[in-house]
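Below is one structure, written out as structure tokens; comments come after it.
Number of protein chains: 2
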Amino acid sequence: MNIEIVKPMDIEKRSMEIITEILGDKIKTLDEKNLHIIKRVIHTSADFDYADNLCFSDNAAEILANAIKNGADIVTDTQMAKSGINKATLEKFGGEVHCFIADEDVAAEAKKRGITRSAVSMEKAAKLNKPLIFAIGNAPTALLSLKELIDSGKLKPEIIIGVPVGFVNVVESKEIIMETHIPYIVARGRKGGSNVAAAICNAALYTLVQR
Amino acid sequence: MNIEIVKPMDIEKRSMEIITEILGDKIKTLDEKNLHIIKRVIHTSADFDYADNLCFSDNAAEILANAIKNGADIVTDTQMAKSGINKATLEKFGGEVHCFIADEDVAAEAKKRGITRSAVSMEKAAKLNKPLIFAIGNAPTALLSLKELIDSGKLKPEIIIGVPVGFVNVVESKEIIMETHIPYIVARGRKGGSNVAAAICNAALYTLVQR
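Heads up: the sequence lines are chains A and B, in that order.
Here the first sequence is numbered in this note's numbering, starting from 1 and rising by one per residue.
Here the second sequence is numbered in this note's numbering, starting from 212 and rising by one per residue.
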């Protein structure tokens, strides 16, 4: 078995070179402003479908970066997404990551109303008095909850990263988010995940700092 | 947009039904003993490639379940994988999850030797005096480190879940693990991830408890 000798600090650079090679001419069809996000999602999944699946509203990558620069907090729907986001870098801009999914009050409220904890955790997040980025990698019901909060005027997020994964209402929830007036980065179709949500946040973070 | 009305507690069941439908006749070609793991990985990724990619050594699913039942600890290479594993369920059997990647002594040692923190974190884990399950979803260098520890007699894990994702030595590191005498569950090829590593652990955990 041939092991390529690559220094630890060069592994990511070499990975990105390989991704660029494999993308080949396809890269010319992708918007250069979004390329750092598309590549990082492929880096985190080894799944080139994301070159086709990822959809960006106008200037979404720039809006995401500016929101971070301006100190926005990030709200996730899973501890895993929270865990994957580079929180030390986010803190440099004054932002922090919230995930309310495991909160007792969220669980109690969800049980009472017969809805998901994910949905209730979005309602709790909407009460945060800060500019917010939502990074949703798991629950379509979180996206549907965001849509209701937006429509009722209770929430105006800076941008929604809508990349839940799965089989029940996942495709539909993403299309619904793309029809709001809120900036979005969405992985169209069934694919996505907490890792993808975190990768998109990190892609934006890494354009803002020297690593 | 048509939203399917599914109660929160039924979403996972409905997802698994849809996965079974999509797998179709393919399901007959898969070993029934591994099916709960294959389906849960597809559930976490929406990526049906895993029906082909996942490779199991003899009785791997049973060995993993037995290790958990016997109180084995799980070692991950990322905080994200640790975050995704159902730790409350693991605790019922006396196990806990370790991840040493962010430890200061690991970082210092990695810098000194010019190797990855992932590799050093495996050496630290090998010193745990308990039956160990390794769940590696990110770093091929963690797998290569495990191989060295096994060959030198410093480690004899119960099973290795080898599902790193990426482009530099990822394919090769998995093949190397499959050539050891240690039981394995490996996602052959470039694909995998911390989410996949956690999903495999959770699939085993969920066969052992009523949820």
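Each residue gets a CB set at the ideal place from its N, CA and C atoms; glycine is no exception.
CB-CB length for residue i against residue j, believed under 8 Å
| i | j | result |
| --- | --- | --- |
| S173 of chain A | P140 of chain A | 4 Å |
| P8 of chain A | I388 of chain B | That pair is no contact at about 20 Å. |
| F267 of chain B | N245 of chain B | 5 Å |
| E401 of chain B | F378 of chain B | Per the sequence shown, residue 401 of chain B should be read as Arg rather than Glu. Right, the Cβ-Cβ distance comes to about 6 Å (below 8 Å), so this counts as a contact. |
| A415 of chain B | L275 of chain B | 5 Å |
| D288 of chain B | S329 of chain B | 5 Å |
| N349 of chain B | P375 of chain B | 5 Å |
| A425 of chain B | L360 of chain B | In the structure as shown, chain B starts at 212 and stops at 422, and residue 425 of chain B therefore has no counterpart that could be examined. |
| I74 of chain A | L54 of chain A | So it is not a contact: roughly 18 Å between Cβ atoms. |
| A409 of chain B | I344 of chain B | That pair is no contact at about 12 Å. |
| V317 of chain B | V331 of chain B | 5 Å |
| I279 of chain B | L419 of chain B | 6 Å |
| I253 of chain B | I230 of chain B | 5 Å |
| I370 of chain B | I347 of chain B | Not confirmed; about 11 Å, so no contact. |
According to DSSP, residues forming a beta bridge with residue i
| i | result |
| --- | --- |
| L132 of chain A | A:D73 |
| A139 of chain A | For A139 of chain A, which the question treats as bridged, DSSP gives no partner whatsoever. |
| I161 of chain A | A:A135, A:I185 |
| F56 of chain A | A:I185 |
Coarse secondary structure for residue i, derived from DSSP in three states
| i | result |
| --- | --- |
| A46 of chain A | coil |
| A313 of chain B | coil |
| I85 of chain A | coil |
| V397 of chain B | strand |
| G404 of chain B | coil |
| L419 of chain B | helix |
| V382 of chain B | helix |
| L357 of chain B | helix |
| V308 of chain B | strand |
| A152 of chain A | Correcting the residue identity first, residue 152 of chain A is Ser in this sequence and not Ala. If DSSP states are grouped into helix, strand and coil, S152 of chain A belongs with coil. |
| V217 of chain B | coil |
| L30 of chain A | coil |
| M178 of chain A | helix |
| K112 of chain A | helix |
| F127 of chain A | Note that residue 127 of chain A is Lys in the sequence shown, not Phe. In the structure shown, K127 of chain A sits in coil (DSSP, three-state: anything other than H, G, I, E or B). |
| M80 of chain A | helix |
| G235 of chain B | helix |
| M333 of chain B | helix |
| M227 of chain B | helix |
CB contact below 9 Å: residue i versus chain B
| i | result |
| --- | --- |
| M80 of chain A | yes |
| G193 of chain A | yes |
| E148 of chain A | no |
| A110 of chain A | yes |
| S57 of chain A | no |
| E32 of chain A | no |
Contact list for residue i against chain B, beta-carbon separation under 8 Å
| i | result |
| --- | --- |
| N86 of chain A | None at all; the shortest Cβ gap to chain B is about 11 Å. |
| S15 of chain A | G377, F378, V379 |
Cβ-heavy atom distance, residue i to the ligand SAH, below 8 Å
| i | result |
| --- | --- |
| F56 of chain A | With respect to small molecules bound, the structure shown includes none, and the ligand SAH cannot be examined in it. |
is_contact[residue i, chain A] using C-beta, thresh 9 Å
| i | result |
| --- | --- |
| A353 of chain B | no |
| S256 of chain B | yes |
| R401 of chain B | yes |
| S332 of chain B | no |
| E383 of chain B | yes |
| A409 of chain B | yes |
Listed by chain order, chain A residues near residue i by CB distance under 8 Å
| i | result |
| --- | --- |
| E386 of chain B | M1 |
| K335 of chain B | Chain A residues near K335 of chain B: none, gap ~16 Å exceeds 8 Å. |
Contact list for residue i against chain E, beta-carbon separation under 7 Å
| i | result |
| --- | --- |
| N380 of chain B | This model lacks chain E altogether; the protein chains it does include are A and B. |
Contacts that residue i makes with chain B (C-beta to C-beta distance below 7 Å)
| i | result |
| --- | --- |
| T29 of chain A | The contacting residues do not exist; T29 of chain A stays about 21 Å from chain B at best. |
| I115 of chain A | P219 |
| N53 of chain A | Within chain B, no residue comes near N53 of chain A; the closest Cβ sits about 10 Å away, beyond 7 Å. |
| I19 of chain A | F378 |
| I11 of chain A | V379 |
Per-residue contacts from residue i into chain B (C-beta, under 9 Å)
| i | result |
| --- | --- |
| R40 of chain A | Going along chain B, no residue has its Cβ under 9 Å from R40 of chain A, so there is no contact; the nearest lies around 12 Å. |
Proximal residues of chain A, C-beta to C-beta of residue i below 7 Å
| i | result |
| --- | --- |
| S294 of chain B | Q79, M80, S83 |
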